[in-house]
Amino acid sequence: MNVIVLLKNLKRPVKVHLGPVRIGMLAVAGLLLPASLAGYLGFTWGNDYAHEHAIPSEWMSEVERQRGEVESARHIAQENLNALASRMGAMQAQVIRLDALGRRLVDLAGLEQGEFDFENPPAQGGPEESTPLASPPEIPDFLRSLDGLSRQIDDRQQQLSVLESWFLNRNLRTETFPAGRPVEKGWVSSYFGLRSDPFTGRRAHHHGIDIAGRKGSPVIAVGAGVVIWSGERSGYGRMVEVNHGNGYVTRYAHNQENTVQVGDTVAKGQTIALMGSSGRSTGPHVHFEVLRNNRVVDPMKYLRAAR
């Protein structure tokens, strides 16, 4: 097949001969050109589409990052709250102990209940401040404040414990110090010092005082202590001897019966014997002696000390 091509720049027409091979090549070219154009357009449109959708993907990454920060902040806040709850629980336990200690000290000191009332918060007051309140502290600052308060409570607890020890020691000294009468009823029949011996009539030193009374009436300890003698002793008859500590010892002699044994702990006012007339005695009475650092002293001032 011959094809005549007329071109403006040429003076005469160009004659092109198309054989079967050339016609096939043109046909293939006509089919490939649209496909190539379509592929190019698709590639270009795809790049534009991917570029346009890259921004929402970045937004999603930012959202995920912020979500992680929120979760981290929530975790930190929860840890702070847990620490706060634990600290508050410990402080409440300390306050309960301090209240119990305070009530015990009030009882030991014999103070008026209304003066130190540990059942209610302390009375406070004052005019309203015109200055606006400061903003609430941050959680870490609040925890530091709690730490300071906890240290103050520990300090108060230590001071109260020292005060309690002082009260207990004072109370112990009061209980062990020999003071009072060794009998509930009776009268002084012989005093401390020089006297006429009831058996010989001669002048002799009397190491204690004699308190006469009814036979079988209680003989009581004038102070708390430990029994170091309970039995017969020459001249004393049946005798009880009590060590009160701090160098003090008391003796109770001429008993009808001793009701305590060596090693027994006795309380102030406890019955330790029954009044009698055993040993070198002219009648029912208790011979009462007080020794201070192994030396006998006049018991009268200890009898008067309880008044």
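Anchor point for the sequence shown: position 132 equals 176 in this note's numbering, and the numbering is continuous, going up by one each time.
We treat Cβ as the ideally placed atom computed from N, Cα and C, and that holds for glycine.
Keeping to the same chain, check which residues put their C-beta closer than 6 Å to that of residue i; ignore five residues upstream and five downstream.
i	result
E301	L318
R324	G279
V341	V334
E219	A268, K312
G289	T220
T326	P242
Based on Cα-Cα distance, which residue from the options lies nearest to residue i?
i	options	result
T294	S116, R339, D191, D198	R339
Q136	R118, S194, A311	S194
V306	V266, E285, N299	E285
E276	V114, I120, G320, K229	G320
V227	D198, A248, A297, H249	A297
V266	N287, A121, H251	N287
L128	A144, S105, E108, D191	D191
Just curious, the alpha helix (DSSP H) that residue i is in, first and last residue?
i	result
Y292	That residue, Y292, is in no alpha helix (DSSP H); its beta strand (DSSP E) goes 292 to 302.
R258	No alpha helix (DSSP H) holds R258; DSSP gives it neither H nor E.
R348	344 to 348
Taking a contact to mean a Cβ-Cβ separation below 7 Å, would you say residue i touches residue j in this structure?
i	j	result
L142	R225	no
I253	Y235	yes
I255	V330	yes
G257	S322	no
T315	P262	yes
Q138	I197	yes
L238	R247	yes
Over the uninterrupted beta strand (DSSP E) stretch that includes residue i, give me the two end residues.
i	result
R277	269 to 277
T315	315 to 319
A248	247 to 250
G237	237 to 240
R282	281 to 289
F332	329 to 336
R339	339 to 341
P262	262 to 264
S234	231 to 234
Beta-carbon within less than 7 Å of residue i's beta-carbon, same chain only, minus the 5 sequence neighbours each way: which residues are those?
i	result
N337	G291
A349	A223
T309	V270
S274	V284, N302, V304, Q305, V306
M132	none
P328	A256, G257, R258, K259, M319, G320, S321
H119	none
P343	F236, G252, I253, F332, E333, V334
K229	G257, S261
For residue i, verify whether its CB is less than 6 Å away from any heavy atom of the ligand ADP.
i	result
A317	Absence of the ligand ADP from the depicted structure is noted, as is the absence of any ligand whatsoever, leaving it without description.
Excluding five sequence neighbours on each side, which residues of the same chain lie with their C-beta closer than 8 Å to the C-beta of residue i?
i	result
W231	I255, A256, G257
S233	D254, I255, A256, H329
R217	N290
A134	S194
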